[in-house]
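There are 2 protein chains.
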Amino acid sequence: MRELEERIVKDGKVLPGNIIKIDGFLNHRVDCALMGRMADEFAKYYDIDNVDIVLTAEASGIALAAICALKWGKQMLYAKKAKSDNIEGGLYASEIYSYTYKKKVTQIVAKDWLKSGDRVLIIDDFMANGEAARGLCDIVDQAGAELVGVGIAVEKGFQAGGQRLRDMGINYHALAIIDKADENGIVFRKQEGE
Amino acid sequence: MRELEERIVKDGKVLPGNIIKIDGFLNHRVDCALMGRMADEFAKYYDIDNVDIVLTAEASGIALAAICALKWGKQMLYAKKAKSDNIEGGLYASEIYSYTYKKKVTQIVAKDWLKSGDRVLIIDDFMANGEAARGLCDIVDQAGAELVGVGIAVEKGFQAGGQRLRDMGINYHALAIIDKADENGIVFRKQEGE
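And the structure:
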């Protein structure tokens, strides 16, 4: 998505350790109008009429998933981190490793809100090592729900997560794929249709 | 907001300890269409043209704040919990007590994204003891920004948070105020204009 790539170049900062900081419009301050256009772009890659639930992970995926769900007329569901006392009854749980927090995190979803047969589109802001998406796919499996696809705003193409989902035959798409980011700038992967 | 009250009665569960569980449409699975109508309702109480930023707290406020910001054409900003390694530079920080997690939590906002003079409307899903809102107001103060108001989806009127903001003269509004919730049902406060 050209607009997103241009915004990453304009506002992004490359930090040591391959960290690409775009928290001025994606996952701290959020440009919600841009996210509305990202929702329109995702709709080209998935059969939205056959999606029941947009699933994401707390916290940075929520804004994008909510705006997608609003525009598409769907329910949104987000996996929570760890256990809060206010979740009763049955839970789906999947343990992942958080590179952001450098520790294991358990993603949980209440069984009440994800059922066998639900058609699920996973939406998230970032794909790097793919731990969050792996946990979400695992939860979809546990529920006996159907995974329609995985849509990501920004993939770090030099890390393994995106390729692993492609290799699994999942309908996976990232709106921008960064193949290289260093002091010389940011290189995006050319994608089909561009 | 009549629709919200009816939805709370229909889908809410009252748990021991005055916990009102409405995670089937507000803060786990999210009814984004309803949130769109909640954004329209909030717009009756605040001068949206004079708002620059919609501010909320991670994680449960994000969906509602993002949908409000999309509908109003504003930027959204959410305070993060604790420190992740990916936030560099200056931060506003405010320590609050989380009754959900039963521990102190530090809310942080990068100084880059909130400036002196910004006109801020705080939006959140729940008001109980008011710790999250207190922390957000504190961050607005630290930035030298202007607090336009505080808008809440559901207030537990039998806890102190909402009244404290009213007593401070803040333009505070909750779309539904629960005055009592027990095995006999849920009683809402009658509000002006209803």
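Read top to bottom, the protein sequences are chains A and B. Taking my numbering, the leading residue of the first sequence gets 591, the next gets one more, and so forth. Taking my numbering, the leading residue of the second sequence gets 591, the next gets one more, and so forth. Note that beta-carbon positions come from the ideal geometry of N, C-alpha and C, so glycine has one too.
task: Provide the residue span of the beta strand (DSSP E) that contains A:Val641, from first to last.
output: Sequence index remark: in the first sequence, residue 641 of chain A carries index 51 (1-based). Looking at the DSSP string, A:Val641 is not in any beta strand (DSSP E), and its letter there is neither H nor E.
- prompt: From A:Asp769 to A:Tyr668, what does the alpha carbon distance come to, in whole angstroms?
  reply: For the purposes of this step, residue 769 of chain A is identified with residue 179 of the first sequence, where counting begins at 1. For the purposes of this step, residue 668 of chain A is identified with residue 78 of the first sequence, where counting begins at 1. About 28 Å.
field: A:Val777 to A:Met625 span [Cα, whole Å]
entry: Along the first sequence, one-based indexing puts residue 777 of chain A at 187. Along the first sequence, one-based indexing puts residue 625 of chain A at 35. Going by the C-alpha atoms only, they are around 22 Å apart.
Contiguous beta strand (DSSP E) assignments of at least 3 residues, all confined to the segment 714 to 784 of chain A: 736 to 746, 762 to 772 and 775 to 778
field: In DSSP terms, what B:Ser688 is bridged to
entry: To locate residue 688 of chain B, count along the second sequence from 1; it is residue 98. DSSP, once it has assigned bridges, lists B:Lys693 as partnering B:Ser688.
- prompt: Would the beta-carbon of B:Glu700 fall within 8 Å of that of B:Gly720?
  reply: Numbered from its first residue, the second sequence carries residue 700 of chain B at position 110. Numbered from its first residue, the second sequence carries residue 720 of chain B at position 130. Here the sequence assigns Ala to residue 700 of chain B, which means Glu is not the residue at that position. For B:Ala700 and B:Gly720, no; Cβs fall outside 8 Å.
query: What does B:Ala669 pair with, by DSSP beta-bridge criteria?
result: What you label residue 669 of chain B is simply residue 79 of the second sequence in a count that begins at 1. In the DSSP output, where bridge partners are listed per residue, B:Ala669 has B:Ala647.
query: Taking the alpha-carbon positions, what's the B:Asp642 to B:Lys705 distance?
result: As a first step, residue 642 of chain B must be located in the second sequence, where it is residue number 52. As a first step, residue 705 of chain B must be located in the second sequence, where it is residue number 115. Near 11 Å, if we compare the C-alpha coordinates of B:Lys705 and B:Asp642.
- request: Taking A:Asp630 as the reference, give the member of A:Leu654, A:Leu645 and A:Ile609 with the closest Cα.
  value: Looking up residue 630 of chain A in the first sequence gives position 40. For A:Asp630, the closest C-alpha among the options A:Leu654, A:Leu645 and A:Ile609 is that of A:Leu654.
- request: Give the residues from the segment 617 to 641 of chain B that approach chain A closer than 8 Å (Cβ to any Cβ), ordered along the chain.
  value: His618, Arg619, Val620, Asp621, Cys622, Ala623, Met625 and Gly626
query: How long is the line joining the alpha carbons of B:Asp715 and A:Asn774, rounded to whole angstroms?
result: Taking the second sequence and counting its residues from 1, one reaches residue 715 of chain B at position 125. Taking the first sequence and counting its residues from 1, one reaches residue 774 of chain A at position 184. In this structure, the alpha-carbon of B:Asp715 lies about 43 Å from that of A:Asn774.
field: Run of the beta strand (DSSP E) containing B:Asp621, from where it starts to where it stops
entry: Working through the second sequence from its first residue, we reach residue 621 of chain B at position 31. It spans Arg619 to Asp621 - the beta strand (DSSP E) in which B:Asp621 sits, taken as one unbroken run.
message: Given this structure, state the Cα-to-Cα distance separating B:Met717 from A:Arg592, to the nearest angstrom.
response: Taking the second sequence and counting its residues from 1, one reaches residue 717 of chain B at position 127. Taking the first sequence and counting its residues from 1, one reaches residue 592 of chain A at position 2. Going by the C-alpha atoms only, they are around 40 Å apart.
message: Let me check you understand the geometry: is the CB of A:Lys701 closer than 7 Å to at least one non-hydrogen atom of the ligand ADP?
response: Among the components modelled here there is no ligand, and therefore nothing to report on the ligand ADP.
Within chain A, the residues that B:Tyr682 reaches when beta carbons sit closer than 8 Å: Along the second sequence, one-based indexing puts residue 682 of chain B at 92. Under the 8 Å cutoff, chain A gives no residues; its nearest Cβ is about 12 Å from B:Tyr682.
- request: Using a Cβ-Cβ cut-off of 8 Å, state whether A:Leu660 counts as contacting chain B.
  value: Position 70 of the first sequence, counting from 1, holds the residue named residue 660 of chain A. Closer than 8 Å: yes.
field: Sequence-distant residues of the same chain with beta carbon closer than 6 Å to B:Gly734, five excluded per side
entry: The sequence position of residue 734 of chain B within the second sequence is 144, counting from 1. Ser706.
task: Closer than 8 Å, Cβ to Cβ, to anything on chain B: give me those residues from the segment 740 to 767 of chain A, in chain order.
output: Flagged: no residues at all.
message: Could you pull the DSSP bridge partners for B:Val710 from this structure?
response: Indexing the second sequence from 1 puts residue 710 of chain B at position 120. Within the DSSP bridge table, the entry for B:Val710 names B:Ile643 and B:Leu737 as partners.
message: Measuring CB atoms only, is the segment 611 to 627 of chain B touching the segment 632 to 642 of chain A, in the sense that at least three cross pairs come out at less than 8 Å?
response: no
- request: Kindly indicate which residue of B:Asp757, B:Arg627 and B:Thr690 has the alpha-carbon position closest to the one of B:Ile610.
  value: As a first step, residue 610 of chain B is located in the second sequence; it is residue number 20 there, counting from the start. Ranking the options by Cα distance to B:Ile610, first place goes to B:Thr690.
- request: Could you confirm whether any beta carbon from chain A is found closer than 8 Å to the beta carbon of B:Gln665?
  value: Looking up residue 665 of chain B in the second sequence gives position 75. By this cut-off, B:Gln665 is an interface position.
message: Quick check: what's the CA-CA separation for B:Arg627 versus B:Gly752?
response: For this step, residue 627 of chain B is matched to residue 37 along the second sequence. For this step, residue 752 of chain B is matched to residue 162 along the second sequence. Roughly 22 Å between the two C-alpha positions.
Nearest residue (CA-CA) to A:Ile729, options A:Met666, A:Ser684, A:Leu660 and A:Glu782: Indexing the first sequence from 1 puts residue 729 of chain A at position 139. Taking only the C-alpha atoms, the option nearest A:Ile729 is A:Ser684.
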